[in-house]
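Below is one structure; the comments refer to it alone.
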Ligand code: GBH
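Residue numbers (our numbering): 555 to 1006.
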C-alpha cells in the first residue's frame, strides 16, 4: 500500500513544554534566548497539540490519509535524556498511536526531530560520542512500549540541517558556530542512527528508515571551478549522509576537515554500524541548489541562488522537476544499494489569503503539491521505487528560527485561539486521496488543481 500522509514534529506542534514531567530540550533553551528566533517566538504553546491531539487525529481521519509522520520528544520520554523514564510522556504517544490506528491512520514516528534533551547538550550534544549510544537506549525504551503497534520507524530527521544549522552556523539550537569543525556532530548522529536501527529491531520493530533532506545540486556554469564547487556541496549536503548509510563509507571530506584535518572521531566498526540495513530511505525535498566557485576562504563553494522560478513565502524556489532529478539521481548513484524511498516531507509556506467567507485560499500550495506529486510519479515511471508521500505539514506550526511567520499547514491555525480551519489545499488533498482510493490518477500528472 502506498503511504499518503502528512508530517509534523514534536517541538513544532505540541506545546506543553513544562507539563507532565517533560524535561527541557535544546529548543526550549534556544528559543528563549534573545534574538534567536524571529520576534522571540517559542514552542511553549505552539499548536497545543499535546492537549488537542484528538481534534488533530480527527482532522487526519477527515482528510483520508493512511499515514501520519510525527516525532517523539526525547525529553518528554526521558527528561534527562537517559535514566528515569517519564511515564506520562510515553503514555501520551501510546494514546496517540491507538487513536491513529482506530482512525485507520498508520503511525510513523520519528525519534529525533532536533529537540535534544538539554541535559545531553551539557554532556557535549552530538559532538559527544556518548550521545549516539544514549539515543539507541532511548529508541529501545520507546520501541518496548510501541513496537507492537508501530510498523515503521524513522530514526533521525535531517541530520544535515541539524549539523549545519545547529552546530556549524548557529541558526538553530544548540546555536553553535563550529563551521567545518562540526563534522563530529554528523558522524555521531549517523552512529546513533545505526545503533538505533539495531535497538529498534531487537525490540521488535519491523521496518526502520532514516530521513535525509537532499537537494539536487546544479553547477552555476560548466566551468571547472563551478563544477568542483558543486561537487563539494553535493558531498556536504547529500553524500555525507547517504554514502555511509548505503555504501558503508564516507565520501572525500578533505574540503571539510577544518582545523583538525582528520576524521579521528571515526572508529573501527562505526561504518559497519552506520550501514546496518534499513528498509526505506526517507527523503525530504524542498528545492534544488545552484552552486558556484567560492568567493571567499572558508567554505569551498558559494550558493549562487536558483533564478527564473517562482518562490514560496520563505523565498525558496519552486522547482517540482528537482524532485524527479533528485530521485533519479539517487537511483543512478546508489543502484541496488538504494532501498525503497519515502518522501517524508514536501510542502511550501504561503501567507494567509482569507476570502470574505473565511475560506483560506491557498491555490499556490495546491499547485505546488500537485506538481511535486506529478514529478514523483515521473521518477517512479523512470524506475525509482517510491512507497510514500507526506505533505509538510498537517498544521501551521512553529517554524524554528522563523517562529510563527511561515505557514506550511493544510490546516490553518489561529494561534490566539487555537482554532483550526482546513484550507482549500486540505480539501484538494482529501479529494485527491479519494480519487486514489477509487483507483484513478495512477502514474500520471493529476491535473487536479485546475478547475477548482
Ligand atoms: C524541514 O527542514 C524540517 O524537517 C521541518 O521541521 C521544517 O518545518 C520544514 O522543513 C520547513 O522548513 O535557501 O532557498 O536554498 C527543511 C530544511 C533547509 C530546506 C533550507 C530548504 C533552503 C532553501 N530546509 N533549505 S534555499
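Even glycine gets a Cβ: it sits at the ideal position worked out from N, Cα and C.
Since this is a predicted model, take the numbers as computed values, not measurements.
field: Near the ligand GBH: residue 570 beta-carbon under 7 angstroms from a heavy atom
entry: Position 16 of the chain shown, counting from 1, holds the residue named residue 570. No, the beta carbon of residue 570 sits no closer than 7 angstroms to any heavy atom of the ligand GBH.
task: Below 7 angstroms CB to CB, which residues in the same chain sit around residue 562 once its five sequence neighbours on both sides are set aside?
output: By one-based count along the chain shown, residue 562 stands at place 8. Here the set comprises 624, 947, 948, 949, 951.
message: Between the alpha carbons of residue 655 and residue 661, how many angstroms are there, rounded?
response: The sequence position of residue 655 within the chain shown is 101, counting from 1. The sequence position of residue 661 within the chain shown is 107, counting from 1. For residue 655 and residue 661, the distance between alpha carbons rounds to 7 angstroms.
query: My guess is that residue 630 and residue 576 are in contact by the Cβ rule of under 8 angstroms, so how many angstroms apart are they, rounded?
result: The sequence position of residue 630 within the chain shown is 76, counting from 1. The sequence position of residue 576 within the chain shown is 22, counting from 1. At roughly 4 angstroms, the Cβ-Cβ gap stays under 8 angstroms, so residue 630 and residue 576 are in contact.
field: Residues that residue 966 bridges to, as DSSP identifies them
entry: Counted from its first residue, the chain shown places residue 966 at position 412. The partner list for residue 966 (beta bridge, DSSP) reads 975.
According to DSSP, residues forming a beta bridge with residue 761: Locating residue 761 in the chain shown gives position 207, where the first residue counts as 1. For residue 761, which the question treats as bridged, DSSP gives the partners 706.
- request: Let me know the secondary structure DSSP gives residue 645 once reduced to three states.
  value: Taking the chain shown and counting its residues from 1, one reaches residue 645 at position 91. Correct three-state label for residue 645: helix.
field: Length of the line joining the Cα atoms of residue 565 and residue 912
entry: Numbered from its first residue, the chain shown carries residue 565 at position 11. Numbered from its first residue, the chain shown carries residue 912 at position 358. If you take the alpha carbons of residue 565 and residue 912, they lie about 28 angstroms apart.
task: Compute every distance between the C-beta of residue 628 and the non-hydrogen atoms of the ligand GBH, then say whether any falls below 7 angstroms.
output: Translated into the one-based positions of the chain shown, residue 628 becomes position 74. No - the ligand GBH has no heavy atom lying nearer than 7 angstroms to the Cβ of residue 628.
query: To which residues does DSSP link residue 680 through a beta bridge?
result: By one-based count along the chain shown, residue 680 stands at place 126. According to DSSP, residue 680 bridges with nothing at all.
- request: Check whether the Cβ of residue 715 lies closer than 7 angstroms to any heavy atom of the ligand GBH, and answer yes or no.
  value: Residue numbering aside, residue 715 sits at position 161 when the chain shown is read from its first letter. Yes, the beta carbon of residue 715 sits closer than 7 angstroms to at least one heavy atom of the ligand GBH.
query: Is residue 912 helix, strand or coil when you go by DSSP?
result: Residue numbering aside, residue 912 sits at position 358 when the chain shown is read from its first letter. Coil.
Beta bridge counterpart(s) of residue 857 as assigned by DSSP: Here residue 857 refers to the residue found at position 303 when the chain shown is read from its first residue. According to DSSP, which records beta bridges pairwise, residue 857 is partnered with 845.
query: Could you give the distance in angstroms between the alpha-carbon of residue 806 and the alpha-carbon of residue 741?
result: What you label residue 806 is simply residue 252 of the chain shown in a count that begins at 1. What you label residue 741 is simply residue 187 of the chain shown in a count that begins at 1. Answer to the nearest angstrom: the Cα atoms are 14 angstroms apart.
- request: Could you please give me the residues that DSSP links to residue 954 through a beta bridge?
  value: The residue given as residue 954 occupies position 400 in the chain shown. Answer is none; residue 954 lacks a bridge partner.
task: Measure the C-alpha to C-alpha separation of residue 907 and residue 770 and round it to an integer number of angstroms.
output: Here the question's residue 907 lines up with position 353 in the chain shown. Here the question's residue 770 lines up with position 216 in the chain shown. Rounded to whole angstroms, residue 907 to residue 770 spans 31 angstroms at the Cα level.
task: In the DSSP assignment, find the unbroken alpha helix (DSSP H) run with residue 942 in it and report its ends.
output: Locating residue 942 in the chain shown gives position 388, counting from the first residue. Here residue 942 belongs to no alpha helix (DSSP H); instead the beta strand (DSSP E) covers 940-946.
field: residue 566 beta carbon near the ligand GBH (any heavy atom closer than 7 angstroms)
entry: Mapped onto the chain shown, residue 566 falls at position 12. Answer for residue 566: yes, Cβ within range of the ligand GBH.
message: Nearer than 7 angstroms: is that true of the beta carbon of residue 796 relative to any heavy atom of the ligand GBH?
response: Reading the chain shown from its first residue, position 242 is the one you call residue 796. Checking the Cβ of residue 796 against the ligand GBH gives no.
- prompt: Which one or two residues does DSSP pair with residue 772 in a beta bridge?
  reply: Residue mapping note: residue 772 aligns to position 218 of the chain shown, counting from 1. DSSP output for residue 772 lists 844 as bridge partner(s).
message: When you measure from the CB of residue 954 to every non-hydrogen atom of the ligand GBH, does any distance come out below 7 angstroms?
response: By one-based count along the chain shown, residue 954 stands at place 400. Checking every heavy atom of the ligand GBH against the Cβ of residue 954, one is found closer than 7 angstroms.
- prompt: Just to confirm, are residue 821 and residue 915 a CB contact at a threshold of 8 angstroms?
  reply: As a position in the chain shown, residue 821 is number 267, starting the count at 1. As a position in the chain shown, residue 915 is number 361, starting the count at 1. Taking 8 angstroms as the Cβ cut-off, residue 821 and residue 915 do not qualify as a contacting pair.
query: Relative to the alpha-carbon of residue 988, which residue among 627, 693, 619 has its alpha-carbon at the smallest distance?
result: Residue 988 sits at position 434 when you count from the first residue of the chain shown. Comparing Cα-Cα distances from residue 988 to each of 627, 693, 619, the minimum goes to 619.
field: Same chain, Cβ closer than 7 angstroms to residue 956, neighbours up to 5 away in sequence not counted
entry: What you label residue 956 is simply residue 402 of the chain shown in a count that begins at 1. Cβ neighbours of residue 956 beyond the five flanking positions: 592.
message: Tell me whether residue 787, by its Cβ, gets closer than 7 angstroms to a heavy atom of the ligand GBH.
response: Locating residue 787 in the chain shown gives position 233, counting from the first residue. No, the Cβ of residue 787 stays beyond 7 angstroms of every heavy atom of the ligand GBH.
- prompt: Taking DSSP as the reference, what is the three-state secondary structure of residue 799?
  reply: Your numbering for residue 799 matches position 245 in the chain shown. Residue 799: helix per DSSP, three-state reduction.
query: Under the rule that 16 or more other beta-carbon atoms within 10 Å means buried, what is residue 893, buried or exposed?
result: Taking the chain shown and counting its residues from 1, one reaches residue 893 at position 339. The residue in question, residue 893, is buried, as its Cβ has 16 or more Cβ neighbours within 10 Å.
- request: Sort 691, 928, 972 by Cα distance to residue 635 and report the nearest one.
  value: Taking the first residue of the chain shown as 1, we reach residue 635 at position 81. The shortest C-alpha separation from residue 635 is found at 691.
- prompt: Going by beta carbon distance, what residues of the same chain come within less than 6 angstroms of residue 601, once the five residues before and after it are set aside?
  reply: What you label residue 601 is simply residue 47 of the chain shown in a count that begins at 1. Excluding sequence neighbours, residue 601 sits near 567, 949, 951, 967.
query: Where does residue 804 sit, in a helix, a strand or coil, going by DSSP?
result: For the purposes of this step, residue 804 is identified with residue 250 of the chain shown, where counting begins at 1. Note: residue 804 maps to coil in three-state DSSP.
- prompt: Any idea if residue 671 is buried or exposed, counting beta-carbon neighbours within 10 angstroms, 16 or more meaning buried?
  reply: By one-based count along the chain shown, residue 671 stands at place 117. By the neighbour-count rule (16 or more Cβ atoms within 10 Å), residue 671 is buried.
Any 3 or more C-beta pairs closer than 8 angstroms across the stretch 663-681 and the stretch 694-708: yes
- prompt: Can you name, in chain order, every residue of its own chain whose Cβ lies under 8 angstroms from the Cβ of residue 573, other than the five neighbours on each side?
  reply: Translated into positions along the chain shown, residue 573 becomes position 19. Hits under 8 angstroms: 604.
message: To test your reading of the DSSP string, which unbroken beta strand (DSSP E) runs of 3 or more residues are found completely within the stretch 857-909?
response: 895-900
- request: Give a yes or no on contact between the stretch 863-882 and the stretch 794-803, applying the rule of three or more CB pairs nearer than 8 angstroms.
  value: no
contact_flag[the stretch 762-780, the stretch 840-850] where n(CB pairs < 8 angstroms) is 3 or more: yes
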